[in-house]
Amino acid sequence: MIGVGKIKQYSNVLDKPLGKGKQEVSLSAFAFLFSELVQYNQTQVDNIAELERRLEDAGYAVGARVLELLCHRDKGNRRETRLLGILSFVHSTVWKVLFGKVADSLEKGTEHEDEYMISERELLVNKFISIPKDMGTFNCGAFVAGIVRVMLHSFFLFFFVYKMTYHLVEGKLLWALFAGWKGVLDSAGFPAVVTAHFVPVEGQQRPRTTILIKFAEGVLRREARLG
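For the sequence shown, my numbering begins at 111 and goes up steadily by one.
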C-alpha cells in the first residue's frame, strides 16, 4: 500500500532501540526538586562535610543510571582505557547529556601530576542556590562530583555488562553473574577522589565551580605503562 512503510519486527523486546525521548527538562522543576533534596539532607546531618557527602552519594546513584543509559544507547562506543579518553568522555559526552553543553574547561593540575579539573563558570546545581554565611564553603557541586566519580570508577563495569549478551532466566536478568565480576572490574577503572570547590574569578560576582579529580596512584602507573 502506498504511503505505508514496512514495520521492523523484533523477536525480543530487549532488541528494540532505546529512544532518546525529550532532551530537555523543566528548569524550574529541576530547581525545585534539587532544592528539596538539599533541604531534606540538611535535616539529616550535623555538619557541612556530612551534607556534601550525602549529596555526593546521591549524585553517584544518579550517575550510575546515566552511565547505564549511555552504554546501552551508544553500543558502538569503545571502552576507554586511557586517562585523557575517559576525562574527555566526562567533559563532553556526559556534560552534554546532563547540562546540554560541554564543560567550560578541562585542565591538568600544575602542582600535582594526579590532579585534573573540570570547571564551570556557573554550574547548574549552584545557579539558584543562596548559601547562608554560617554554612561557610558548602558547595552543591558535590552532587556533580558524585556523578563524575561513578563515571570514572565504573565505566569499565557498565561497558562490560552492555557488551555481554542479555540472558533471561525465568524472566530475570542474570545480574548475579556480573556482580561476581564487580571487584575485578572496579580495579580496571579510574578510581579517584572527586570534590567540588569554589574558585573566585576576577570581575565576576559569583565564583566558578571546579570539580577536582585526584586519581589513585595505580591509575597513573597504568597510564605510564600504556605509554
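Glycine included, every Cβ here is placed at the ideal spot set by N, Cα and C.
Source: prediction; values computed, not measured.
Bounds of the beta strand (DSSP E) holding residue 218 are 215-218.
Straight-line spacing of the CA atoms in residue 257 and residue 166 works out to 8 Å. In this structure, residue 252 places its C-beta atom within 9 Å of the C-beta atom of residue 305. The beta-carbon separation of residue 170 and residue 231, rounded to 25 Å, does not stay under the 8 Å limit for a contact. In this structure, the CA atom of residue 248 is about 10 Å from the CA atom of residue 160. Taking residue 245 as the centre and dropping the five residues before and after it, the same chain places the C-beta of 158 closer than 8 Å to its C-beta, in chain order. Counting other Cβ atoms within 10 Å of its Cβ, residue 263 reaches 16 or more and is therefore classed as buried. Judged by DSSP in its simplified three-state form, residue 229 adopts strand. Of the other Cβ atoms in all chains shown, fewer than 16 fall within 10 Å of the Cβ of residue 337; this residue is therefore exposed. Around residue 250, the same chain offers 148, 165, 235, 236, 239 as residues with beta carbons nearer than 7 Å, after the five sequence neighbours per side are excluded. In the three-state scheme derived from DSSP, where H, G and I count as helix and E and B as strand, residue 212 is classed as coil. Per DSSP, the continuous beta strand (DSSP E) segment holding residue 323 begins and ends at 318-325.
A residue is called buried when at least 16 other Cβ atoms come within 10 angstroms of its Cβ; residue 201 meets this threshold and is buried.
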